[in-house]
Ligand SMILES: [Zn+2]
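Protein chains in written order, with my numbering: chain A, 1 to 159; chain B, 1001 to 1301.
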């Protein structure tokens, strides 16, 4: 109970919009980057290093008056697979969605292969997500090499 | 998007068998000039004389005219032109593009940008599908079949892309594999997993002599210095296998020695005189197979 109250104090409630919860704290800024929230005009509040039973430390983002399509929000599933999305209308959660990892990933991540053509020419990257031993890997559409999630580099939206 | 050949996986089993049939037709009748109204671009962003000559011979035997460049040296690429712009320009001139490029994935990208078919003549260490098809052709010509053969792959099984492509392409035809390699150059786990999933039996050995008697195809490879970051590692394994004529005593009559060439020390010259040597004929086969691929992609076979 105590943790919930603290959270409420730290991150104020929103009237209408989207709440992204259970983001690992260390991924907060990558999530902001992938969703291009740094270019957003909406009012946004976020908190990080909040206590979480499952993650140890989590981050939360609240975006007013903004709603996401599935394929838009699923892009963050790569780095925050346990994140949840709550849709808020009139201060109430009207829908809770879990994320799923999309089959293809376009233009978010870099290929880790230094001699991949996408690292030398202006080409939008494209990957297939494949499961290997319970982990997700990205198989490059071009060089056919796999990038593990731990090596994942996000292409900054500030370009 | 025009049908291209970028990776051996782009062709189904039926398409592979079709290409091999057409290649045999061209071997029996070497000059068929039905592409005399076509222009084929052979653009090589890194030099490979062997592969380029094979493609140019194939194009010429089909009657097509060839344009292109043998390396990126004096081209607009050197002046910083993007791959996309080069491909766009060349596809306006030519009916088909043969491309070799040092960057992995460059051929797939070119096929997406081009308005004409693209044949990958090697994209870095990634794919070289025409080599795989000529290997398959050579195997079938020497054994009379592709089915149920024992293929013994020798040498650099870790970095050798021809080995990886061939073992995947042959998996359509229920083979058994023997992998002869030193510890440092063993076949990567991902390919062993692939074989297990497809229920294809394989054995591994360090000793080239161990399974020679039960081999149908002895596929020798060169240990490529450029793949090694540590020169000491290369020195340790560069001369590890050397096949000579004496070692081939008592092997199966149908055993043929294949090698993608050029060879270094892994096949002694005295093997050339045995009935088991096939590597020079294998290189010649490359012309017929490339003729078949060109004709197929242009919708003429
Ligand atoms: Zn890549």
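Here a beta-carbon is modelled for each residue, glycine too, at the ideal position from N, C-alpha and C.
Taking 8 Å as the line, does the beta carbon of residue i fall inside it for any heavy atom of ligand 1?
i, result
"residue 113/A", "yes"
"residue 1124/B", "no"
"residue 117/A", "yes"
"residue 1105/B", "yes"
"residue 1193/B", "no"
"residue 145/A", "yes"
"residue 142/A", "yes"
"residue 1180/B", "no"
"residue 125/A", "yes"
For the alpha helix (DSSP H) containing residue i, name the first residue and the last one.
i, result
"residue 70/A", "70–73"
"residue 1283/B", "1279–1297"
"residue 46/A", "From DSSP, residue 46/A is part of no alpha helix (DSSP H) but of the beta strand (DSSP E) over 44–52."
"residue 1194/B", "1189–1197"
"residue 1087/B", "1083–1093"
"residue 29/A", "28–34"
"residue 1108/B", "1106–1113"
"residue 1133/B", "1129–1143"
"residue 1232/B", "1231–1237"
"residue 1249/B", "Run containing residue 1249/B: none; DSSP gives neither H nor E here."
When you compare each of the options to residue i by their alpha carbons, which one comes out closest?
i, options, result
"residue 1224/B", "1205/B, 1125/B and 1149/B", "1125/B"
"residue 1247/B", "1212/B, 1293/B, 1163/B and 1272/B", "1212/B"
"residue 1242/B", "1292/B, 1181/B and 1103/B", "1181/B"
"residue 49/A", "34/A, 36/A and 23/A", "23/A"
"residue 1188/B", "1049/B, 1173/B, 1206/B and 1157/B", "1157/B"
"residue 83/A", "93/A, 39/A, 142/A and 61/A", "61/A"
"residue 134/A", "149/A, 141/A and 125/A", "149/A"
"residue 1108/B", "1047/B, 1056/B and 1009/B", "1009/B"
"residue 1174/B", "1193/B, 1102/B and 1200/B", "1200/B"
"residue 1278/B", "1049/B, 1141/B and 1084/B", "1141/B"
Compare the C-beta of residue i against all C-beta atoms of chain B and say whether one is closer than 9 Å.
i, result
"residue 113/A", "yes"
"residue 144/A", "yes"
"residue 117/A", "yes"
"residue 123/A", "yes"
"residue 159/A", "Since pLDDT at residue 159/A reaches only 40, below the 50 mark, its modelled position is unreliable, and no value is offered."
"residue 120/A", "yes"
"residue 22/A", "no"
"residue 161/A", "Residue numbering for chain A in the displayed model covers 1 to 159; residue 161/A lies beyond these limits and cannot be assessed."
Step through the CB atoms of chain A and report whether any lies within less than 9 Å of the CB of residue i.
i, result
"residue 1129/B", "no"
"residue 1108/B", "yes"
"residue 1005/B", "no"
"residue 1084/B", "yes"
"residue 1071/B", "no"
"residue 1123/B", "yes"
"residue 1103/B", "yes"
"residue 1198/B", "no"
"residue 1120/B", "no"
"residue 1126/B", "yes"
"residue 1099/B", "no"
For the beta strand (DSSP E) that residue i lies in, which residues bound it at each end?
i, result
"residue 20/A", "17–24"
"residue 1098/B", "1096–1101"
"residue 1121/B", "1118–1123"
"residue 1041/B", "1039–1044"
"residue 1060/B", "Residue 1060/B -> not in any beta strand (DSSP E); alpha helix (DSSP H) instead, spanning 1049–1061."
"residue 59/A", "56–64"
"residue 142/A", "Run containing residue 142/A: none; DSSP gives neither H nor E here."
Q. Any residues in the stretch 1153–1186 of chain B with a beta carbon nearer than 9 Å to a beta carbon of chain A? Which ones, in chain order?
A. none
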